[in-house]
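Going down the list, the protein sequences come from chains L and E.
For the first sequence, the numbering used here begins at 15 and goes up steadily by one.
For the second sequence, the numbering used here begins at 15 and goes up steadily by one.
Glycine is no exception: its CB is placed at the ideal position from the N, C-alpha and C atoms.
There are 2 protein chains.
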Amino acid sequence: MINIESKIEVLKQKCAEANMRLTPQRIEVLKMIASTDTHPDAETVYESVKEVMPFISLDTVYRTLASLEDLGLIFKVDNELPKSRYDADLSPHCHFICLKCGAVYDIHMDNHIEPPKESFKYGEVLQTNLQVKGICHKCRG
Amino acid sequence: MINIESKIEVLKQKCAEANMRLTPQRIEVLKMIASTDTHPDAETVYESVKEVMPFISLDTVYRTLASLEDLGLIFKVDNELPKSRYDADLSPHCHFICLKCGAVYDIHMDNHIEPPKESFKYGEVLQTNLQVKGICHKCRG
DNA sequence: GTTATTATTAGTAATAATTACTAATAAGGA
DNA sequence: TCCTTATTAGTAATTATTACTAATAATAAC
């Protein structure tokens with residue numbers, strides 16, 4: 015479980031460093047993603063944040079997600095589904111993705127994955143992600 | 015390098031099994047993807063196939079890609095880029111993806127990746143993919 | 001605290017990628 | 001060779017995301 019208060023604190027610092035403003039929209043969007051393990055898409059974030067901030071626009075949600083990603087506070091889950099899914103958990107873990115319903119489950123790991131040696135042949139390595147895909151128990155019925 | 019003739023042979027068999035027709039469009043789309051290691055997107059496949067088949071439609075390319083994926087002859091490369099990229103190489107390998115230009119390079123491996131044990135908690139595992147992301151040499155200049 | 005600056009936002013329009021629809025076509029079995 | 005029906009071309013529609021613009025509000029300077 016992510017400590018939301020400390021996440022907000024990091025947002026505060028990173029915004030100051032990047033000359034970006036600490037707006038309530040940024041705080042709410044980050045809070046929403048950090049408080050769930052469902053890896054929501056932009057639309058879901060929008061619907062959820064609207065409950066406490068009825069006039070927020072979908073555009074703002076998309077822009078805010080991009081900003082938070084730039085600041086390194088959240089990242090997109092790699093998938094081949096039409097909608098991008100977001101994750102605020104920066105601890106070493108990977109994902110089980112259901113090919114039928116699109117559900118994303120966390121698989122916790124002791125360490126981040128080491129990139130294969132051949133990787134460095136192609137450029138500077140910034141992240142290494144592992145996805146496990148299959149059919150979740152719910153979809154199997 | 016993929017043996018294209020044997021790929022077409024597999025397409026033939028799989029189509030017969032699945033009560034699907036062996037159309038020239040399917041052959042050309044598969045040929046195109048199997049003959050490159052650039053992991054092209056739908057638009058690129060379309061432009062390329064149009065050279066030998068000028069009246070093919072983009073819709074057919076999309077439908078054909080989906081069919082070939084269903085038959086297990088090609089698969090989508092996991093990424094967070096706006097366009098889906100396709101791969102016909104079924105041997106054990108993963109991808110280096112450049113975050114700047116979107117280039118996808120193959121990283122060959124001796125064996126397919128073992129899914130972490132926790133994976134099975136969530137459902138039936140069908141595939142395990144590893145992506146290495148960074149900035150490629152060309153983009154570093 | 002007040003004011004000024006300008007990053008950010010709401011609302012909406014536009015774009016990009018993909019999917020759906022329909023009449024015409026052609027693959028493959030009889 | 002004919003028939004059945006899966007598939008296609010051409011185009012329209014949908015979906016996810018991004019861009020635009022005037023209005024707003026976060027922060028710094030006074």
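Remark: fewer than three beta-carbon pairs, one from each stretch, lie closer than 8 Å, so the stretch 33–53 of chain E and the stretch 136–155 of chain L are not flagged as touching. DSSP lists E:Asp55, E:Val91 as the beta-bridge partner residues of E:Arg99.
8 Å or more divides the Cβ of L:His53 from the Cβ of E:Glu132.
By the CB criterion at 8 Å, L:Tyr136 and E:Tyr119 fall inside the cutoff. When the Cα atoms are used, E:Cys150 and L:Pro129 turn out to be separated by approximately 15 Å. Around the C-beta of E:Cys115, fewer than 16 other C-beta atoms lie within 10 Å, and the residue is accordingly described as exposed.
E:Met15 places its beta carbon 8 Å or farther from that of E:Gln39. Per DSSP, L:Cys115 lies in no alpha helix (DSSP H) and is assigned neither H nor E. Judged by DSSP in its simplified three-state form, E:Glu138 adopts strand. Here DSSP, grouped into helix, strand and coil, assigns E:His151 to helix. Between E:Asp73 and E:Phe89 a beta carbon distance of about 21 Å is seen, past the 8 Å cut, so the two are scored as non-contacting. In chain order, Pro130, Glu132 make up the part of chain E whose C-beta sits under 9 Å from the C-beta of L:Met123. Distance from L:Leu113 to L:Gly148 at the Cβ level is roughly 7 Å; contact confirmed, criterion being Cβ atoms closer than 8 Å.
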